[in-house]
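Participant:
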Amino acid sequence: MREKPAASTLCLALAAALAPPLAYAALEPHIHPASPVLSAGEHVELRATPPSFRVIGWGVQSGGGFVTREGVYYAPLILAEGSEPARVGASGYLDGQRVSAQVEIRLRAGSVPGANSCLGPAQAHFPEFGEYVPCDDLPELLEHPVPNYPESARARGIQDTIPVHALVCATGRVIFAYVPASYLSPGPGAVPIERDPKLVEAAIEAALRYVFQPCRVAGNAYATWVAFAVPFRL
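This is the structure we're talking about:
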């Protein structure tokens, strides 16, 4: 006569049947790369995993810098020796549950060239990335050298107008610039516009050679952010 399985064996079999699959741990929200290291003004493209993690917002929790809605983090323009790491978080939904994840970004001491002399005499700190400084006299473009058209883009007949956000110092010089993401239409599910990476690089390089009459408040020059476009036409 066959022996009946022991109660302990039945319990183990039942537990195994009810246990979540081993891949369950992979469904926890994470941000990659896991521990990036940046110098002043450098950036890193962060991504949330697993793919089912639907991010609804990114934010810098500490350490300064700026993160875009797409998860691109830019380090501060001046980093003192011993600066604390930046902490960047993403929040959203995973399998119908509200979740969040955080990544720590180590920061190397240093500064973007020109950053230490960028602020006006009456200015205590850098404006936040993209922050508008109310000016009595708005920045006025004085010099805008023709951008270098990448041969790879020219050969393929690629034309574009690249939007740029630039930090114009109290001296009128641009010390930092980046290209924000653009979308075909606003709102949820918006489709980003794909741009040629070489044109993006060329637009930033050109922007760093621009010269402005700086923003002025009560007669004092101020550093501020300016938005403009760099065209590439054949």
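Residues -25 to -1, 1 to 209, numbered by mature numbering (1 follows the signal peptide of the UniProt record, and there is no 0), are exactly what the sequence shown covers, in order. No residue lacks a Cβ here, since even glycine has one placed at the ideal position from N, Cα and C.
Which of the three DSSP states, helix, strand or coil, is assigned to V166?
Facilitator: Correct three-state label for V166: coil.
Participant: So, for Q134: in the same chain, excluding its five sequence neighbours on each side, which residues have a beta-carbon less than 7 Å away from its beta-carbon?
Facilitator: Closer than 7 Å at Cβ, skipping near neighbours: F207, R208 and L209.
Participant: Residues in its own chain within less than 7 Å of E20 by CB, not counting five upstream and five downstream?
Facilitator: The answer, listed in chain order, is G46 and V47.
Participant: Kindly indicate the opening and closing residues of the beta strand (DSSP E) around E118.
Facilitator: Per DSSP, E118 belongs to the beta strand (DSSP E) from E115 to E118.
Participant: Whole-angstrom Cβ separation of V78 and I6, contact assumed at under 8 Å?
Facilitator: The pair is a contact, with the Cβ atoms about 4 Å apart (cut-off 8 Å).
Participant: Terminal residues of the continuous alpha helix (DSSP H) containing V175?
Facilitator: Element bounds for V175: P172 to A182.
Participant: So which of V63, A84 and P4 has the shortest CA-CA distance to residue 213?
Facilitator: A question about residue 213 goes unanswered here, because the residues of the chain that appear run from -25 up to 209.
Participant: Drop a sphere of 10 angstroms on the beta-carbon of L116, count the other beta-carbons inside from all chains shown, and report buried for 16 or more, exposed for fewer.
Facilitator: Under this definition L116 is an exposed residue.
Participant: Beta-carbon within less than 7 Å of T24's beta-carbon, same chain only, minus the 5 sequence neighbours each way: which residues are those?
Facilitator: Within the same chain, T24 has close Cβ partners H5 and H7.
Participant: Taking the straight line between their C-alpha atoms, what separation do you get for T43 and A193?
Facilitator: Cα-Cα distance, rounded: 32 Å.
Participant: Count the C-beta pairs between the stretch 143 to 150 and the stretch 181 to 191 that are closer than 8 Å, then say yes if the count reaches three, no if not.
Facilitator: Counting Cβ pairs under 8 Å, three or more are found: they touch.
Participant: Please state whether DSSP places E126 in a helix, a strand or coil.
Facilitator: Three-state result, E126: helix.
Participant: Specify the secondary structure class of L2 as computed by DSSP and reduced to three states.
Facilitator: Three-state DSSP puts L2 in a helix.
Participant: Hey, could you find the ends of the beta strand (DSSP E) C190 is sitting in?
Facilitator: Element bounds for C190: C190 to V192.
Participant: Let me check understanding here. Comparing Cα to Cα, which of H18, H140, R129 and F151 lies closest to A202?
Facilitator: Nearest option by C-alpha distance: H140.
Participant: Confirm, please, whether the CB-CB distance from G64 to Q36 is below 8 Å.
Facilitator: Yes. Within cutoff.
Participant: Could you tell me if the beta carbon of R131 falls within a distance shorter than 7 Å of some heavy atom in the ligand PLP?
Facilitator: This structure lacks the ligand PLP; in fact it carries no ligand of any kind.
Participant: Determine the burial state of I31: buried for a count of at least 16 other Cβ atoms within 10 Å of its Cβ, exposed for fewer.
Facilitator: Flag for I31 reads exposed.
Participant: What residues are listed by DSSP as bridge partners for D135?
Facilitator: According to DSSP, D135 bridges with F207.
Participant: Excluding the 5 residues preceding and the 5 following G89 in the sequence, name in chain order all residues of the same chain whose CB lies nearer than 7 Å to its CB.
Facilitator: The answer, listed in chain order, is C144, R148 and I150.
Participant: Since N195 is in the beta strand (DSSP E), which residue starts that stretch and which ends it?
Facilitator: N195 to Y197 is the span of the beta strand (DSSP E), which, as asked, contains N195.
Participant: Per DSSP, which residues does T24 bridge with? Please list them.
Facilitator: In the DSSP output, where bridge partners are listed per residue, T24 has H5.
Participant: For S157, which three-state DSSP category applies?
Facilitator: If DSSP states are grouped into helix, strand and coil, S157 belongs with coil.
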